[in-house]
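Colleague: Would you mind keeping the following structure in view while I ask a few things?
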Amino acid sequence: MSTGTIFITASDADFKVANRFLLYIRDWEHDSGDSFHIKLNKTHEGFDVNGDNTVTEAGSLNAENFTNDWRGASLSDVEAWMLEATKRDPTGDPSLWIAFNDKGLEQKTCILAQRRMREDDYDLDPAPTFDFNKMRIAWEELYEPWCNLEIANMDFQDYAGESPDEEGWWEYDSSITDDLSEEKRKLRDDALKKLEEEGKA
Numbered sequence: 011m012s013t014g015t016i017f018i019t020a021s022d023a024d025f026k027v028a029n030r031f032l033l034y035i036r037d038w039e040h041d042s043g044d045s046f047h048i049k050l051n052k053t054h055e056g057f058d059v060n061g062d063n064t065v066t067e068a069g070s071l072n073a074e075n076f077t078n079d080w081r082g083a084s085l086s087d088v089e090a091w092m093l094e095a096t097k098r099d100p101t102g103d104p105s106l107w108i109a110f111n112d113k114g115l116e117q118k119t120c121i122l123a124q125r126r127m128r129e130d131d132y133d134l135d136p137a138p139t140f141d142f143n144k145m146r147i148a149w150e151e152l153y154e155p156w157c158n159l160e161i162a163n164m165d166f167q168d169y170a171g172e173s174p175d176e177e178g179w180w181e182y183d184s185s186i187t188d189d190l191s192e193e194k195r196k197l198r199d200d201a202l203k204k205l206e207e208e209g210k211a
């Protein structure tokens, strides 16, 4: 499976917040470890559009290595960067990514976005013109929809009851995602407590 790409644009998100976020979005139910890469710079060089990027492990970030060029960027900035990445590498389409903005910091949510295929009009009239489907999801609920979209097992329509608005926003239906078991929740909370004690979260 590919490595998920994350852009942290929240102005007040430091390395401790980033480590905490990575811990929450880990696949705890199946214990598969960390699966995401936080994109800290804005260069396209070395970025693999097929998702073969270095995994950022929860707890690995600190004040020295968390130099985030995306801090304060807008969602449209991220969308434009991803579209440019597609043009630069014709071997793949970097269509699935995650954004963590100011609202996400307040609510413990993030944005899951995926490139809209031109033939997907979702029966909208007039036909949609947006480039990316987007939905806001709680941190702890992110992994399952991200994984299913990544392997093309499901699509945005499977996670939302309504069609998107004119800007590509879908309303996420949290009842579709399985809740984390009490046993796995305790493992996560214990791991979080350990990071907090180490000054990493």
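Per my numbering, the sequence shown starts with residue 11, numbered consecutively.
Think of the CB as a built atom: it goes at the ideal place given N, C-alpha and C, for glycine as much as any other residue.
Everything numeric in this text was worked out from a predicted model, so none of it was measured.
#1: Would A137 be called buried (16 or more neighbouring beta carbons within 10 Å of its own) or exposed?
#2: Take T19 and list the residues in its own chain whose beta-carbon comes closer than 8 Å to its own, dropping the five residues that flank it on each side.
#3: What is the DSSP secondary structure of Y182, reduced to helix, strand or coil?
#4: Unbroken alpha helix (DSSP H) runs of length 4 or more, entirely within the region 75 to 151: which are they?
#5: Figure out for me which residue from A148, D41, T96 has the closest Cα to the Cα of E55.
#6: For a test of the three-state rule: what should DSSP assign to F57, helix, strand or coil?
#7: Any idea what DSSP makes of D189, helix, strand or coil?
#8: Does the pairing of the region 188 to 208 with the region 163 to 179 give three or more beta-carbon distances under 8 Å?
#9: Opposite D37 in the DSSP bridges: which residues?
#10: So what's A28 in DSSP terms, helix, strand or just coil?
#11: By how many angstroms is the C-alpha of T53 removed from the C-alpha of G61?
#12: Distance check for W107 and W180, CA to CA, integer angstroms please.
#13: Along the alpha helix (DSSP H) that carries N158, what are the first and last residues, could you check?
#14: Measuring straight from C-alpha to C-alpha, what distance separates G114 and I147?
#15: Which term fits Q124, buried or exposed, when burial requires 16 or more other beta carbons within 10 angstroms of its beta carbon?
#16: Does the separation of the CB atoms of T139 and E176 fall below 9 Å?
#17: Just to confirm before moving on: does the CB-CB distance between V65 and S42 stay below 9 Å?
#18: Does DSSP classify A201 as helix, strand or coil?
#19: Given this structure, state the Cα-to-Cα distance separating D24 from T187, to the nearest angstrom.
#20: Can you check which of these residues, E74, N29, R36, P174, is closest to E150 by C-alpha distance?
Modeller: Reading off the structure:
#1: To locate residue 137, count along the sequence shown from 1; it is residue 127. Flag for A137 reads exposed.
#2: Here residue 19 refers to the residue found at position 9 when the sequence shown is read from its first residue. So the list reads W80, R81, G82, A83, S84, L85, D87, V88, A109, F110, N111, D112, once near-sequence residues are dropped.
#3: The count along the sequence shown starts at 1 and reaches residue 182 at position 172. Strand.
#4: 85 to 98, 112 to 117
#5: Taking the sequence shown and counting its residues from 1, the one referred to as residue 55 is at position 45. Restricting attention to A148, D41, T96, the CA atom closest to the CA of E55 is found in T96.
#6: To locate residue 57, count along the sequence shown from 1; it is residue 47. Coil at F57, not helix or strand.
#7: Mapped onto the sequence shown, residue 189 falls at position 179. The answer is coil: DSSP assigns D189 none of H, G, I, E or B.
#8: no
#9: Within the sequence shown, the letter at position 27 stands for residue 37. Within the DSSP bridge table, the entry for D37 names G43 as partners.
#10: Here residue 28 refers to the residue found at position 18 when the sequence shown is read from its first residue. Of the three classes helix, strand and coil, the one that applies to A28 here is helix, per DSSP.
#11: For the purposes of this step, residue 61 is taken as the residue at position 51 of the sequence shown. For the purposes of this step, residue 53 is taken as the residue at position 43 of the sequence shown. Going by the C-alpha atoms only, they are around 15 Å apart.
#12: Here residue 180 is taken as the residue at index 170 of the sequence shown, counted from 1. Here residue 107 is taken as the residue at index 97 of the sequence shown, counted from 1. For W180 and W107, the distance between alpha carbons rounds to 15 Å.
#13: Your numbering for residue 158 matches position 148 in the sequence shown. Run containing N158: 153 to 160, per the alpha helix (DSSP H) assignment.
#14: Walking along the sequence shown from the start, residue 114 turns up at place 104. Walking along the sequence shown from the start, residue 147 turns up at place 137. Rounded to whole angstroms, G114 to I147 spans 9 Å at the Cα level.
#15: Counting from 1 along the sequence shown, the entry for residue 124 is found at position 114. When all chains shown are included, Q124 counts as buried.
#16: Position 129 of the sequence shown, counting from 1, holds the residue named residue 139. Position 166 of the sequence shown, counting from 1, holds the residue named residue 176. Yes, the Cβ-Cβ distance between T139 and E176 is below 9 Å.
#17: By one-based count along the sequence shown, residue 65 stands at place 55. By one-based count along the sequence shown, residue 42 stands at place 32. Going by C-beta atoms, V65 is not nearer than 9 Å to S42.
#18: Counting from 1 along the sequence shown, the entry for residue 201 is found at position 191. A201 falls in the helix class under three-state DSSP.
#19: In the sequence shown, the residue the question calls residue 24 occupies position 14. In the sequence shown, the residue the question calls residue 187 occupies position 177. C-alpha separation (whole angstroms): 29 Å.
#20: Along the sequence shown, read from residue 1 onward, the residue named residue 150 stands at position 140. Shortest Cα-Cα distance from E150 to any of E74, N29, R36, P174 involves R36.
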